[in-house]
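Undergrad: Residue numbers (full-length UniProt numbering): 1 to 135.
1. Would you identify the three-state DSSP class for residue 54, choosing helix, strand or coil?
2. Which residue's Cα is closest to the Cα of residue 63: 35, 48, 71, 53?
3. Buried or exposed for residue 122, going by 16 or more other Cβ atoms inside 10 Å?
4. Tell me, please, which residues DSSP counts as bridged to residue 36.
5. Looking at residue 15: is its Cβ nearer than 8 Å to the Cβ of residue 74?
6. The beta strand (DSSP E) that contains residue 133, what's its start and end?
7. Should the segment 53–70 be called in touch with the segment 21–31, which here means at least 3 C-beta pairs below 8 Å?
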């Protein structure tokens, strides 16, 4: 699982919907995202059978790990930590803004903050906060 000892990864813990979130995020980054591994809880393991024990995804060269916990034990996400995406172009910015803000909450933007043409801060429907930038 951890073949690269130089790995630094963001580890996201969900309340039973890690697989849904992972697939949603991968779908938003065609040609820039890849699911590397998915391991699910099995019978006899301490966890929700069929839910994500751990999964590894790469998006725009950054490693993200996913895990499910029982809802009563899983911590809440906070906007104190966010995932920053530098968008390839305005079309990607607008697409990601629309996708993340659907059923989520817009904290800021989109607006120009020179020298950046567009900036936004959004918490998505899973509770994960994203900062989008188009330079």
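Glycine residues also receive a C-beta, built at the ideal position from the N, C-alpha and C atoms.
TA: The short version:
1. strand
2. 35
3. buried
4. None; residue 36 has no bridge partner.
5. Taking the C-beta atoms as reference points, residue 74 is found nearer than 8 Å to residue 15.
6. 129–134
7. yes
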